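Enquirer: Dropping the structure in here first, questions after.
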Amino acid sequence: MAWRPGLADAPRHSEIFAAGDEASGAGLALALALDALRAGDADPLADAPDTRPWLWVQDKEALRRTGRPYRPGLPPALRDRLIHVAARSPEDALFALEEGLRCRELAFVLGEIAGNPRALSFTAARRLSLAAEKHGVPLWLVRIDAARDLGSARMRWEVHAAPSPRPRWNPQAPGAASWRGELFRTRSHLPGTWLLREDEGRLMAASVGVRASTGSARAGEGRANFNIRSA
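Printed below as a string of structure tokens:
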């Protein structure tokens, strides 16, 4: 079974748990956001392509562990629309995220918060969910090196980079960005392990197994091909 996770019931608030030593979390968040934008632009009822800016917020520890966004490495459709906020603390990051979600002039919001700070309580997460749903601005919150906790996001992933398939016409060329993710909370699909990959201009998820009773999805060798961090 294959499906497009970025479009499933249009979740306004999603969380992605990922390790800080790879770009899998932010890479998947960008892929999900881009796929949702492409689907919106393809809608016959859309007046014009969505060219609104988007917001990327990092707290200080997330920035230290993963680095700043590298604009030339972003998907071309998103490079010139980025607004980046480097917050001094988790509290400041949460404030910036909530304010961004209240602005309908943003296409979407991406956040990165490291660990399990006290500020990111269930109540704080619920505030983000409510703001995203009320104002119609999607949020993808990447949890860097964080343990799973209570959260209000409708869709929650734990992801790792996965090997990319070799391009059919040039086996030496870089393959499509790929992720192996455990979907452990969702309202639209059964939890389980999925392989996420670009397929003919769409981000697709294909099942690779049922959810294990304990543990998380294992990381595959290789990395996603978004070079989204500065050196």
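In this text, residue positions in the sequence shown follow my numbering: the first is 1259, and each later residue adds one.
No residue lacks a Cβ here, since even glycine has one placed at the ideal position from N, Cα and C.
If you're wondering where the values come from, they're calculated on a predicted model, not measured in any experiment.
#1: At a cut-off of 8 Å, is K1318 close to the ligand GDP when judged by its beta-carbon and the heavy atoms of the ligand?
#2: Write down the C-beta distance between V1315 and G1358 rounded to the nearest angstrom, noting that I regard them as a contact closer than 8 Å.
#3: Exposed or buried, S1347, counting other C-beta atoms within 10 Å across all chains shown (16 or more means buried)?
#4: Going by C-alpha distance, which of S1465, R1337, V1466, E1456 is nearest L1290?
#5: Just the C-alpha distance for R1326 and A1344, rounded to the nearest angstrom, thanks.
#6: Going by beta carbon distance, what residues of the same chain come within less than 6 Å of G1283, once the five residues before and after it are set aside?
#7: Excluding sequence positions up to five away, which residues of its chain have a Cβ less than 6 Å from the Cβ of P1333?
#8: Tell me which residues share the same chain as A1411 and place their Cβ nearer than 6 Å to its Cβ, disregarding the 5 neighbours each side in the sequence.
#9: Need the endpoints of the alpha helix (DSSP H) that D1350 sits in, please.
#10: When the Cα atoms are used, what is the spatial distance from A1320 to P1375?
#11: Taking 8 Å as the cut-off, does the region 1306-1315 touch the region 1352-1369 (at least 3 CB pairs, one atom from each stretch)?
#12: Please confirm if the region 1440-1455 is in contact with the region 1401-1421, defined as three or more CB-CB distances below 8 Å between the two stretches.
#13: Compare the beta carbon distance of D1403 and R1323 with 9 Å and say whether it is the shorter of the two.
#14: When the Cα of D1350 is compared with those of G1369, C1361, I1341, which residue comes out closest?
#15: Classify A1463 as helix, strand or coil using the three-state DSSP reduction.
#16: Leaving out five residues on either side along the sequence, give the residues of the same chain with a beta carbon under 6 Å from the beta carbon of R1414.
#17: Can you tell me which residues form a DSSP beta bridge with R1438?
#18: So what does R1443 bridge to, in DSSP terms?
#19: When we look at the beta-carbon of R1424 and count the other beta-carbons within 10 Å, is it buried (16 or more) or exposed?
Expert: To lay it out plainly:
#1: Looking for the ligand GDP in the displayed structure turns up nothing, as the structure carries no ligands at all.
#2: 7 Å
#3: exposed
#4: E1456
#5: 9 Å
#6: I1274, A1276, V1400
#7: L1292
#8: H1271, S1272, E1273
#9: 1348-1359
#10: 12 Å
#11: yes
#12: yes
#13: yes
#14: G1369
#15: strand
#16: E1273, F1442, R1443
#17: H1418, L1453
#18: R1414
#19: exposed
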